[in-house]
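**Student:** Have a look at this one.
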Amino acid sequence: MNGPSEQRIDLQFDDNRLLPMLYGQHDQHLARIETQLGVSLISRGNVLTIAGPEDSAESARSALTALYERLRRGLPVGIGEVDAAVRMATSVIDPAGRDQALATIAKPDFQVRTRRKGAISPRSPTQAVYLQALAESEMVFGLGPAGTGKTYLAVAQAVALLTSGQVDRIVLSRPAVEAGERLGFLPGDLKEKVDPYLRPLYDALHDMLPAEQVKKRLDSGEIEIAPLAFMRGRTLANAFVILDEAQNTTPMQMKMFLTRLGEGGRMVVTGDVTQIDLPAGTRSGLKDALEILKEVEGVRFVHFTDRDVVRHPLVSRIVRAYDRHDAAKARSDTGGAAS
Numbered sequence: 078m079n080g081p082s083e084q085r086i087d088l089q090f091d092d093n094r095l096l097p098m099l100y101g102q103h104d105q106h107l108a109r110i111e112t113q114l115g116v117s118l119i120s121r122g123n124v125l126t127i128a129g130p131e132d133s134a135e136s137a138r139s140a141l142t143a144l145y146e147r148l149r150r151g152l153p154v155g156i157g158e159v160d161a162a163v164r165m166a167t168s169v170i171d172p173a174g175r176d177q178a179l180a181t182i183a184k185p186d187f188q189v190r191t192r193r194k195g196a197i198s199p200r201s202p203t204q205a206v207y208l209q210a211l212a213e214s215e216m217v218f219g220l221g222p223a224g225t226g227k228t229y230l231a232v233a234q235a236v237a238l239l240t241s242g243q244v245d246r247i248v249l250s251r252p253a254v255e256a257g258e259r260l261g262f263l264p265g266d267l268k269e270k271v272d273p274y275l276r277p278l279y280d281a282l283h284d285m286l287p288a289e290q291v292k293k294r295l296d297s298g299e300i301e302i303a304p305l306a307f308m309r310g311r312t313l314a315n316a317f318v319i320l321d322e323a324q325n326t327t328p329m330q331m332k333m334f335l336t337r338l339g340e341g342g343r344m345v346v347t348g349d350v351t352q353i354d355l356p357a358g359t360r361s362g363l364k365d366a367l368e369i370l371k372e373v374e375g376v377r378f379v380h381f382t383d384r385d386v387v388r389h390p391l392v393s394r395i396v397r398a399y400d401r402h403d404a405a406k407a408r409s410d411t412g413g414a415a416s
């Protein structure tokens, strides 16, 4: 039986000054593409030769072309962009669909600009849809597995609107119910009890703003990070409000949170309905909201999958492995119940 046909492609670039950034320090970007796609990349002057199985070679060509176009537009290319280009080039088989997906890398329609990170561009087609929703809608639900950028991009958009004066403050919140723990049984004062739950939000903020700016804005109240329980009874006008890990809310808590939206405000709700830590028998407020609000005008739902995971490539494989395991277990349980 014959293996996949080999293909050789010569890519010629017209601006040699961009090639060090395209290839990466010590050609690390090329090495990464070779490893992920199983191709060989050899550079001679301004020509890069791709050799390997036909599909892999075409994927490498598409990824490198998109990355080069990105550099031509003055946008940075790092390991994250390289991984994103490879992921997009291999996740869409149809050539037209692949080119459309890679266009979000080469010439993103929606970006977020922050003080520390500069321009943040989408690294998957779903991220592009999500950034558009964040820019255009007053209430957005970002749904899907860890590592897809749901919270990170929401915090980036919040910081961008705050620093440009389009909102007066940012409110970041999480339900303090995880892994079976309860605040009353944890050591320390209230801040010490809740900070571990809110740490991912602090981390995202520090990625967007200099540390002194984060501290100054936290002290002034321009940025507030608090457990969900602290939202009760408030009206949040001219604020960008984010509820993270929303799968761990009850229906009553979710309704309470969503009705805090005030004049000039925006809300983003992020969560993963496959990672619910509520006590057995307690319905998730996020699941409830998905059913109740699906036809409500002005509410946008963006669904991420394991193909949108933008962390280490191994994370995406881990997510898929767990999904396969859960699906197989569900089929086994169903078969056992029927027998």
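Going by my numbering, the sequence shown wraps up at 416, each residue one higher than the last.
The beta carbon of each residue, even a glycine, is placed where N, CA and C say it ideally should be.
CB-CB under 6 Å to Gly362, same chain, minus the five flanking residues each way: which ones, in chain order?
**Tutor:** In the sequence shown, counting from the first residue as 1, residue 362 sits at position 285. Excluding residues within five positions, the ones whose Cβ falls inside 6 Å are Thr326, Thr327, Pro328, Gln330, Met331.
**Student:** How is the beta strand (DSSP E) around His380 delimited, first residue to last?
**Tutor:** As a first step, residue 380 is located in the sequence shown; it is residue number 303 there, counting from the start. Its beta strand (DSSP E) spans residues 376-380.
**Student:** Assuming Arg138 and Ile127 are in contact, meaning their beta carbons sit under 8 Å apart, how far apart are those beta carbons, in whole angstroms?
**Tutor:** Here residue 138 corresponds to residue number 61 of the sequence shown, with the count starting at 1. Here residue 127 corresponds to residue number 50 of the sequence shown, with the count starting at 1. Yes, Arg138 and Ile127 are in contact; Cβ-Cβ is about 6 Å, under 8 Å.
**Student:** Quick check: what's the CA-CA separation for Lys227 versus Thr347?
**Tutor:** Counting from 1 along the sequence shown, the entry for residue 227 is found at position 150. Counting from 1 along the sequence shown, the entry for residue 347 is found at position 270. So the two alpha carbons sit approximately 6 Å from each other.
**Student:** Taking 8 Å as the cut-off, decide whether the C-beta atoms of Val345 and Gly224 are in contact.
**Tutor:** Residue numbering aside, residue 345 sits at position 268 when the sequence shown is read from its first letter. Residue numbering aside, residue 224 sits at position 147 when the sequence shown is read from its first letter. No, Cβ-Cβ distance for Val345 and Gly224 is not below 8 Å.
**Student:** For Phe378, which residues in the same chain have their Cβ closer than 6 Å to its Cβ, ignoring the five residues on either side in sequence?
**Tutor:** For the purposes of this step, residue 378 is identified with residue 301 of the sequence shown, where counting begins at 1. The answer, listed in chain order, is Phe218.
**Student:** Exposed or buried, what is Val124 when buried is set at 16 or more other beta-carbons lying within 10 Å of its beta-carbon?
**Tutor:** In the sequence shown, residue 124 corresponds to position 47, counting from 1. Val124 is exposed by the Cβ-count criterion.
**Student:** State the start and end residues of the unbroken alpha helix (DSSP H) segment that holds Ser297.
**Tutor:** Position 220 of the sequence shown, counted from the first residue, corresponds to residue 297. Looking at the DSSP string, the run of the alpha helix (DSSP H) that includes Ser297 is 288-297.
**Student:** Look at the alpha carbon of Ala166 and the alpha carbon of Ala306, and state the distance between them as a whole number of angstroms.
**Tutor:** Counting from one through the sequence shown, the residue named residue 166 turns up at place 89. Counting from one through the sequence shown, the residue named residue 306 turns up at place 229. Cα-Cα distance, rounded: 43 Å.
**Student:** Does DSSP put Gly257 in a helix, a strand or coil?
**Tutor:** One-based indexing of the sequence shown puts residue 257 at position 180. Its pLDDT being 41, under 50, Gly257 is placed unreliably by the model, and nothing is read from it.
**Student:** Can you tell me the Cα-Cα spacing of Asp354 and Ala323, whole angstroms?
**Tutor:** Here residue 354 is taken as the residue at index 277 of the sequence shown, counted from 1. Here residue 323 is taken as the residue at index 246 of the sequence shown, counted from 1. C-alpha separation (whole angstroms): 11 Å.
**Student:** Taking buried to mean at least 16 other C-beta atoms within 10 Å of its own C-beta, is His106 buried or exposed?
**Tutor:** One-based indexing of the sequence shown puts residue 106 at position 29. Flag for His106 reads buried.
**Student:** Looking at the unbroken alpha helix (DSSP H) that takes in Leu437, where does it start and where does it end?
**Tutor:** Nothing about residue 437 can be read from this structure; the chain reaches only from 78 to 416.
**Student:** Check the C-beta distance from Glu113 over to Val163 and give it rounded, since I have them as a contact under 8 Å.
**Tutor:** Here the question's residue 113 lines up with position 36 in the sequence shown. Here the question's residue 163 lines up with position 86 in the sequence shown. Strictly speaking, residue 113 in this sequence is Gln, with Glu absent from that position. The C-beta distance from Gln113 to Val163 rounds to 5 Å, short enough to fall under 8 Å.
**Student:** By the 10 Å Cβ neighbour count, where 16 or more other Cβ atoms means buried, how is Pro185 classified, buried or exposed?
**Tutor:** The residue you call residue 185 lines up with position 108 of the sequence shown. When all chains shown are included, Pro185 counts as buried.
**Student:** Please tell me whether Ala196 and Ile319 are closer than 8 Å, where the distance is taken between their beta carbons.
**Tutor:** On the sequence shown, position 119 is the one that residue 196 refers to. On the sequence shown, position 242 is the one that residue 319 refers to. Contact flag unset, no.
**Student:** Taking the alpha-carbon positions, what's the Gly375 to Glu135 distance?
**Tutor:** Within the sequence shown, numbered from 1, the residue matching residue 375 stands at position 298. Within the sequence shown, numbered from 1, the residue matching residue 135 stands at position 58. Whole-angstrom Cα-Cα distance: 40 Å.
**Student:** CA-CA distance, Ile300 and Ile86?
**Tutor:** The residue given as residue 300 occupies position 223 in the sequence shown. The residue given as residue 86 occupies position 9 in the sequence shown. CA-CA distance, Ile300 to Ile86, rounds to 51 Å.
**Student:** Throw me the rounded Cβ distance for the Leu144 and Leu99 pair, which I believe falls under 8 Å.
**Tutor:** As a working mapping, residue 144 is identified with position 67 in the sequence shown. As a working mapping, residue 99 is identified with position 22 in the sequence shown. Indeed they touch by this definition, with Cβ atoms about 6 Å apart.
**Student:** For my contact list, Asp385 and Gln188 are in at a C-beta cut-off of 8 Å; report their separation, rounded to the angstrom.
**Tutor:** Position 308 of the sequence shown, counted from the first residue, corresponds to residue 385. Position 111 of the sequence shown, counted from the first residue, corresponds to residue 188. Not really, about 17 Å apart at Cβ, beyond 8 Å.
**Student:** Taking just the CA atoms, how far does Leu95 sit from Thr411?
**Tutor:** Numbered from its first residue, the sequence shown carries residue 411 at position 334. Numbered from its first residue, the sequence shown carries residue 95 at position 18. Roughly 56 Å between the two C-alpha positions.
**Student:** Secondary structure at Arg175, three-state DSSP: helix, strand or coil?
**Tutor:** Taking the sequence shown and counting its residues from 1, the one referred to as residue 175 is at position 98. Arg175: helix per DSSP, three-state reduction.
**Student:** From Asp284 to Gly122, what does the alpha carbon distance come to, in whole angstroms?
**Tutor:** For the purposes of this step, residue 284 is taken as the residue at position 207 of the sequence shown. For the purposes of this step, residue 122 is taken as the residue at position 45 of the sequence shown. The straight-line gap separating the alpha-carbon atoms of Asp284 and Gly122 is approximately 37 Å.
**Student:** Would you mind giving the Cβ-Cβ distance between Asp245 and Ala316, rounded to the nearest angstrom? I have them listed as a contact below 8 Å.
**Tutor:** Stepping through the sequence shown from its first residue, residue 245 is reached at position 168. Stepping through the sequence shown from its first residue, residue 316 is reached at position 239. Confirmed, about 6 Å.
**Student:** Cα-Cα, which of Gln352, Val350, Arg343, Leu313 is closest to Arg337?
**Tutor:** Sequence index remark: in the sequence shown, residue 337 carries index 260 (1-based). Among Gln352, Val350, Arg343, Leu313, the Cα nearest to that of Arg337 belongs to Leu313.
**Student:** Looking at Val232: is its Cβ nearer than 8 Å to the Cβ of Leu275?
**Tutor:** Your numbering for residue 232 matches position 155 in the sequence shown. Your numbering for residue 275 matches position 198 in the sequence shown. No.
**Student:** Of all the options Ser241, Gln352, Leu282, which has the alpha carbon lying nearest to the alpha carbon of Val248?
**Tutor:** Taking the sequence shown and counting its residues from 1, the one referred to as residue 248 is at position 171. Val248 has its Cα closest to that of Leu282, out of Ser241, Gln352, Leu282.
**Student:** When DSSP labels each residue in this structure, what does Gly219 get in the three-state scheme?
**Tutor:** For this step, residue 219 is matched to residue 142 along the sequence shown. Gly219: strand per DSSP, three-state reduction.
**Student:** Name the two residues that bound the continuous alpha helix (DSSP H) containing Arg251.
**Tutor:** The count along the sequence shown starts at 1 and reaches residue 251 at position 174. Run containing Arg251: none in the alpha helix (DSSP H); it sits in the beta strand (DSSP E), 246-251.
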